[in-house]
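Reading through the structure tokens given below for one structure.
2 protein chains.
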Amino acid sequence: MKPIELIAATLPRERQRAGLSLSQLAKQAGIAKSTLSQLESGAGNPALETLWALATALNIPVSRLIDAPQPTTRLIRAGEGPRALSSEANYIATLLSSCPPSARRDIFRVCVQPGQARDSAPHPAGTMEHVILCSGRALVGPLEAPVELAPGDYFTYPGDRPHTFKALAPDTSAVLMMESI
Amino acid sequence: MKPIELIAATLPRERQRAGLSLSQLAKQAGIAKSTLSQLESGAGNPALETLWALATALNIPVSRLIDAPQPTTRLIRAGEGPRALSSEANYIATLLSSCPPSARRDIFRVCVQPGQARDSAPHPAGTMEHVILCSGRALVGPLEAPVELAPGDYFTYPGDRPHTFKALAPDTSAVLMMESI
DNA sequence: TATGTTTGTTCGGTAAAAAGAACATAAGTT
DNA sequence: AACTTATGTTCTTTTTACCGAACAAACATA
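Listed in order, the protein sequences are those of chains R and X. Counting in my numbering, the first sequence runs from 2 upward without gaps. Counting in my numbering, the second sequence runs from 2 upward without gaps.
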């Protein structure tokens with residue numbers, strides 16, 4: 002799938018969502034409408050500043066023009082898909098909702114007993130983890146800068162680098178969301 | 002802030018994270034290394050296919066090259082944080098993570114006291130809600146078929162139809178994720 | 001029916017991005 | 001030292017994306 006085809010698909014949709022005609026959008030973005038016309042028809046190879054001008058005029062991030070319809074493609078890749086966490090002796094992770102085709106996240110409930118910390122190998126690039134501690138106490142986060150959490154605390158950190166989860170009190174439980182880009 | 006400057010900052014970092022030299026990356030992406038050199042020095046106005054080739058070679062989404070890097074970690078202590086949604090007398094919802102450009106989900110922590118049920122108006126079509134109960138007891142779900150949850154229970158239901166959240170015990174707390182299509 | 005005003009399209013001229021070669025520099029071999 | 005193989009930079013050439021103007025088609029106004 003060539004990148005321009007994605008733009009050709011998303012651009013008219015976002016433009017109409019903003020209630021703009023092709024000519025209006027071109028004027029507002031400060032680009033020639035011929036350029037916009039070709040982009041929407043799937044031809045050409047837009048430069049970054051062109052995309053930037055369009056995204057700004059549409060009041061959306063540039064990424065929405067490029068990989069909004071892309072999530073499915075990224076998930077299909079072998080080796081990059083959602084992986085089940087291994088359940089060690091003192092660490093039980095329950096998969097509550099596996100990643101459906103449209104979304105890009107897994108939700109786990111983790112129940113941990115004090116003892117050895119669970120260090121996770123990095124997940125695919127761009128992964129973020131979100132933790133909300135429900136009970137007990139835990140030391141959570143990047144290996145180089147973990148944070149002690151109390152019930153109700155929320156902490157998010159990059160999952161594509163080494164990170165840890167260590168219970169500091171019995172029956173520590175938390176909600177863990179793994180999110181891909 | 003011009004977009005090219007962001008790329009110039011991001012590109013070398015991602016390249017080194019992948020353990021590639023400038024020449025290696027250029028070869029693997031199928032672009033001239035002169036092009037890459039100028040991009041990393043903050044000059045030029047790269048075309049979409051150039052960005053695409055680089056992102057693919059680096060095994061990252063294009064948006065990572067373009068959009069400003071989000072703060073990597075974020076900690077919200079229990080009781081702190083922005084109180085989004087209408088905080089009725091017995092219902093406090095804290096927005097933990099609002100929807101970033103690429104993803105489409107909001108994470109809330111809700112703390113509810115027994116009393117009147119909180120009925121929500123339907124959200125946009127396709128929205129799903131996920132609830133993990135942390136403490137207390139609650140009656141949650143679609144108005145016509147709510148479910149009583151105990152700590153640790155997980156329940157998901159369509160958010161685009163009327164639904165309710167009613168605490169059945171004091172200090173009921175839960176994690177709520179609203180997910181768009 | 002004429003007359004503007006929009007719509008989105010298809011053309012040449014020009015500025016610029018990308019490719020490729022040549023360059024200097026550095027680190028490792030023989 | 002002489003040679004090899006990397007590194008990243010700076011050039012020239014070729015390609016092409018952008019612009020602006022001219023264009024046809026649809027709609028409105030008079």
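All residues carry an ideal CB built from backbone N, CA and C; glycine is no exception. Since the structure is predicted, the reported quantities are computational estimates derived from the model, not experimental observations.
Relative to Val113 (chain X), the option among X:Arg16, X:Asp172 and X:Ser22 whose CA is nearest is X:Asp172. Of all residues in the stretch 138 to 162 of chain X, those with a C-beta nearer than 7 Å to a C-beta of chain R are Gly153, Tyr155 and Thr157, reading in chain order. Contact of Arg16 (chain X) with chain R is not assigned, every C-beta pair being separated by 8 Å or more. Chain X has no Cβ within less than 8 Å of the Cβ of His164 (chain R).
Nearest Cα to Ala168 (chain X) within the set X:Ser35, X:Ala151 and X:Gln29: X:Ala151.
Residue range Pro4 to Arg18 is occupied by the alpha helix (DSSP H) that includes Pro13 (chain X). Non-local beta-carbon contacts of Ser24 (chain X) in its own chain, meaning distances under 8 Å to residues more than five positions away in sequence, involve Lys34 in chain order.
Look at the beta carbons and you see the stretch 10 to 28 of chain X not touching the stretch 130 to 146 of chain R: under three pairs across the two are nearer than 8 Å. Neighbours of Asp120 (chain R) in chain X, taken as residues at a C-beta separation under 8 Å, are lacking, since the least C-beta distance is about 17 Å.
The three-state secondary structure of Ser22 (chain X), taken from DSSP, is coil.
Taking a contact as a CB-CB distance under 8 Å, the pair Ala48 (chain R) and Ala48 (chain X) counts as one, their CB atoms being some 5 Å apart. Looking at the DSSP output, Ala168 (chain R) bridges to R:Ala139. Interface residue (Cβ-Cβ distance to chain X less than 8 Å): Ala44 (chain R) is not classified as such. Ile61 (chain X) has its alpha-carbon roughly 29 Å from the corresponding atom of Ile32 (chain R). Rounded to whole angstroms, the gap between the alpha carbons of Val148 (chain R) and Asp107 (chain X) is 23 Å. In the three-state DSSP reduction, Asp154 (chain R) falls in the coil class, being neither helix nor strand. A straight line joining the alpha-carbon of Arg110 (chain R) with that of Val176 (chain R) spans about 5 Å. Less than 8 Å separates the beta-carbon of Arg16 (chain R) from that of Leu59 (chain R). When rounded, the separation of the alpha-carbon atoms in Thr57 (chain X) and Gly116 (chain X) is 54 Å.
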